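Colleague: Next up is a structure, given as structure tokens.
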Amino acid sequence: MSKFAQDIILRPIITEESMAGAADKKYTFEVAKNANKIEIAKAVEELFKVGVKKVNTISVKGHLRRQGRFEGYTASWKKAIVTLKEDSKTIEFFDGMM
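For what it's worth, the numbering used here labels the leading residue of the sequence shown as 3, then goes sequentially.
Rendered as structure tokens:
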């Protein structure tokens with residue numbers, strides 16, 4: 003079964019820290035939990051037409067949340083920090099955010 007790039011890259015992560023990394027061509031995305039680094043790199047290259055140098059992944063655990071006397075955990079998810087090659091163009095989507 004082949005995966006589509008849209009199924010691997012779920013959404014960009016827009017935070018102060020991730021925007022600071024965009025200056026160094028490091029972009030942060032929420033990715034599918036079962037995606038590996040090779041699949042993530044290919045998906046980013048396909049979607050944004052850029053060259054990927056390396057991919058770092060982080061599994062984010064769900065946080066404990068309370069609603070009155072009830073408590074539970076938010077969903078756990080996977081984050082990928084994608085570093086682009088020096089000669090690669092930037093991702094336009096993030097340029098508009100800065």
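The C-beta atom is built at its ideal place from N, Cα and C for all residues, glycine as well. Since this is a predicted model, take the numbers as computed values, not measurements.
1) Taking 9 Å as the threshold (C-beta atoms), are residue 82 and residue 48 in contact?
2) Which same chain residues, not among the five before or five after residue 46, have their C-beta less than 6 Å away from its C-beta?
3) Which residues does DSSP list as the beta-bridge partners of residue 66?
4) Would you mind working out which of 64, 97, 12 sits nearest residue 36, comparing C-alpha positions?
5) For residue 31, which three-state DSSP category applies?
6) Of all the beta strand (DSSP E) runs that stay within the bounds of the stretch 5-53, which reach a length of 3 or more residues?
Modeller: Inspection of the coordinates gives the following:
1) no
2) The residues are 54, 84.
3) 75
4) 12
5) strand
6) 11-14, 28-33
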